[in-house]
Amino acid sequence: MPKILVLLVTYLFCINANSQKIDFDRFIVETEFAKLPKQYTDPANRTYTLKSNLETALQMNTRELIHIYGFKETEKNGQLDIEIKAGSMTRGTAQTGSRLVENKDKNGKVTSKYTVYYVSTINPVGSGWLTVYGPKTEDPKKAAKKERKKKR
Numbered sequence: 010m011p012k013i014l015v016l017l018v019t020y021l022f023c024i025n026a027n028s029q030k031i032d033f034d035r036f037i038v039e040t041e042f043a044k045l046p047k048q049y050t051d052p053a054n055r056t057y058t059l060k061s062n063l064e065t066a067l068q069m070n071t072r073e074l075i076h077i078y079g080f081k082e083t084e085k086n087g088q089l090d091i092e093i094k095a096g097s098m099t100r101g102t103a104q105t106g107s108r109l110v111e112n113k114d115k116n117g118k119v120t121s122k123y124t125v126y127y128v129s130t131i132n133p134v135g136s137g138w139l140t141v142y143g144p145k146t147e148d149p150k151k152a153a154k155k156e157r158k159k160k161r
């Protein structure tokens, strides 16, 4: 009996030693692309203000997680107002997958390959919104009407 116990403990230790480390982050919500307003913004004035309304289970430091390249964050009066709302989220069914990543040199020759494995959820339930409000500009037709009224 002790031999079987020692063998079982050794077996479990070997399995644990050879396993791969997995880092699960419970609250990843990823938005890769968001439509920015069409109005032109001068590069010197490209700023945004962030407002978040998250449920208590999702509380996190959103200021460190939101990045809009080419824009700087300000506390007040940004050219863009970004509003994030997230309701309760529940887990869905897990689905595993993999993709092959190839690194190429300047000539297009493959120098190395590796496989990235991932787990994603198929049907999570929840609600979330990302709204981007642009700079407040006046409608050109209304501005022209105001000019005509001033001239009278």
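Read in the numbering used here, the sequence shown has 120 at position 111, and its numbers run on one by one without any break.
The beta-carbon is built from N, C-alpha and C at its ideal position, and this holds for glycine as well.
Who does residue 104 pair with in a DSSP beta bridge? 129
Please name the residue in 127, 78, 14, 114 whose C-alpha comes closest to that of residue 52. 78
DSSP-derived helix/strand/coil call for residue 50: coil
Report back the beta-carbon spacing between residue 112 and residue 102 to the nearest angstrom; my notes put them in contact at under 8 Å. Incorrect: roughly 33 Å between the Cβ atoms, too far for contact.
In this structure, does DSSP put residue 81 in helix, strand or coil? In the structure shown, residue 81 sits in a strand (DSSP, three-state: E or B).
How long is the line joining the alpha carbons of residue 82 and residue 106, rounded to whole angstroms? Going by the C-alpha atoms only, they are around 36 Å apart.
Take residue 90 and list the residues in its own chain whose beta-carbon comes closer than 6 Å to its own, dropping the five residues that flank it on each side. Setting aside the 5 residues that flank it on each side, residue 90 is surrounded in the same chain by 58, 142, each with a C-beta closer than 6 Å to its C-beta; the list follows chain order.
Could you tell me whether the Cβ atoms of residue 108 and residue 125 are closer together than 8 Å? yes
Reducing DSSP to helix, strand and coil, say where residue 75 ends up. It is coil, neither helix nor strand.
From residue 75 to residue 118, what distance separates their C-alpha atoms? Computed Cα separation, rounded: 36 Å.
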